[in-house]
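What follows is a set of notes on a single structure, which appears directly below.
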Amino acid sequence: MHALETKQLTLSYGEAPIIENLDLTVPKGKITVLIGGNGSGKSTLLRSMARLLKPDAGSVVLEGKPIASMSTKEVARRLAILPQGPTAPEGLTVLQLVKQGRYPYQSWLKQWSEEDERAVKRALKATGMEPLAERPVDSLSGGQRQRAWIAMTLAQGTRTILLDEPTTYLDLTHQIEVLDLLFELNELEQRTIVMVLHDINLACRYAHHIVAVKDRTVVACGKPEEIVTEELIRRVFDLECRIVPDPLFGTPMCVPVGKGRDVSARKHAHATA
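For the record, in the sequence shown the residue sitting at position 34 is 709 according to the numbering used here, with numbers rising by one throughout.
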């Protein structure tokens, strides 16, 4: 069984189609990364997979069941989503934020339980946020805040986690910190991770499965080493590049051509004049 599937999925904002007649499968227990240019529809696709956007046609299937037929709490027990740039109310502590991840399990008949407490503690420990549990979220660094939000999604106890550009606005150190955390969650707990990333090289390093989105559909999907080529980058991003092996990981590494060579030549000529 796949973690997620789309069947003849069509999405739009107003009258403008964003995704059309898309059939896509997300492998269970793997890291899948959506790539594509701005406005290509990758974030829209991610939102529809979490049932945050109603399809114009077609369906999304979560663990073999149409997501539209499921209750909100049932979806939240199976799938967690972290949108881009989430914000917490002023003064909310990390612990209070992470506890919100247990909302799907609360009811009038079932209040806070020992299992809820254990889930929160596990999430704080997994993300390294235990020492910061009593700190207000708005007092943390960018990387710490992102880890706090990831802890909240972990507290939901879902097998599938969707993240929309989790490294946006983070410096390189914190980008690697967040991606390493997600990689470890996948390795140690076999969580299915689906995320949107802009950095092609980081996508190739961390993804088992890449989905390239362009012109309202998926133009390629598969293992990074099988699909990330100069032709694909040219088609998806309209960018000339060279694909070389990453010197540390051996995964495809995109080196943009652009006008850098002309600049370098002019600098060299100026230096030797």
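We put the CB at the ideal spot given by N, CA and C, even for glycine.
- Would DSSP call Pro978 helix, strand or coil? Outside the shown range of the chain (676 to 948) lies residue 978, about which nothing can therefore be said.
- Message: Just to confirm the assignment, what range does the alpha helix (DSSP H) spanning Lys748 have?
- Response: Reading the sequence shown from its first residue, position 73 is the one you call residue 748. Annotation: the continuous alpha helix (DSSP H) that includes Lys748 extends over Thr747 to Arg753.
- Message: Can you confirm whether Pro920, when its beta carbon is compared against all beta carbons of chain B, has any partner nearer than 8 Å?
- Response: Going by chain labels, chain B is absent from the structure shown, which holds only one protein chain.
- Note down the Cα distance separating Gln831 from Pro758, rounded to an integer number of angstroms. Translated into the one-based positions of the sequence shown, residue 831 becomes position 156. Translated into the one-based positions of the sequence shown, residue 758 becomes position 83. So the two alpha carbons sit approximately 15 Å from each other.
- Between the segment 781–797 and the segment 869–881, do at least 3 Cβ pairs fall closer than 8 Å? Taking a cut-off of 8 Å on C-beta distances, the segment 781–797 does not touch the segment 869–881, as fewer than three cross pairs fall below it.
- Alpha carbon of Phe927 to alpha carbon of Gln781, nearest angstrom: In the sequence shown, the residue the question calls residue 927 occupies position 252. In the sequence shown, the residue the question calls residue 781 occupies position 106. Sequence inspection shows Pro at residue 927; the Phe mentioned does not correspond to that position. For Pro927 and Gln781, the distance between alpha carbons rounds to 45 Å.
- If you scan the segment 857–934 from start to end, which runs of the beta strand (DSSP E) of 3 or more residues do you find wholly inside it? Taking only runs of at least 3 residues, the beta strand (DSSP E) segments lying wholly in the segment 857–934 are 867–871, 884–889, 892–897, 916–920 and 927–931.
- Task: Could you tell me whether the Cβ atoms of Gly760 and Gln683 are closer together than 8 Å?
- Result: On the sequence shown, position 85 is the one that residue 760 refers to. On the sequence shown, position 8 is the one that residue 683 refers to. In this structure, Gln683 does not lie closer than 8 Å to Gly760 by Cβ.
- Query: Are at least three pairs of beta-carbons, each pair with one atom in the segment 804–811 and one in the segment 766–778, less than 8 Å apart?
  - Reply: Cβ pair count under 8 Å is three or more, so yes.
- Sequence-distant residues of its chain with Cβ nearer than 6 Å to Glu840 (five each side left out): Residue 840 sits at position 165 when you count from the first residue of the sequence shown. Within the same chain, Gln759 and Val871 come within 6 Å of Glu840 by CB-CB distance, once the 5 residues on both sides are set aside.
- Among all the DSSP beta bridges, which residues are the ones paired with Thr681? By 1-based counting over the sequence shown, the position of residue 681 is 6. Answer by DSSP bridge pairing, in chain order: Leu699 and Val735.
- Task: Sort out for me which residues DSSP pairs Ser687 with in a bridge.
- Result: As a first step, residue 687 is located in the sequence shown; it is residue number 12 there, counting from the start. DSSP, once it has assigned bridges, lists Pro692 as partnering Ser687.
- Message: I believe Ile706 touches Phe858 by the beta-carbon criterion, under 8 Å. Please report the beta-carbon distance rounded to the nearest angstrom.
- Response: Mapped onto the sequence shown, residue 706 falls at position 31. Mapped onto the sequence shown, residue 858 falls at position 183. Sure, about 7 Å apart at Cβ, within 8 Å.
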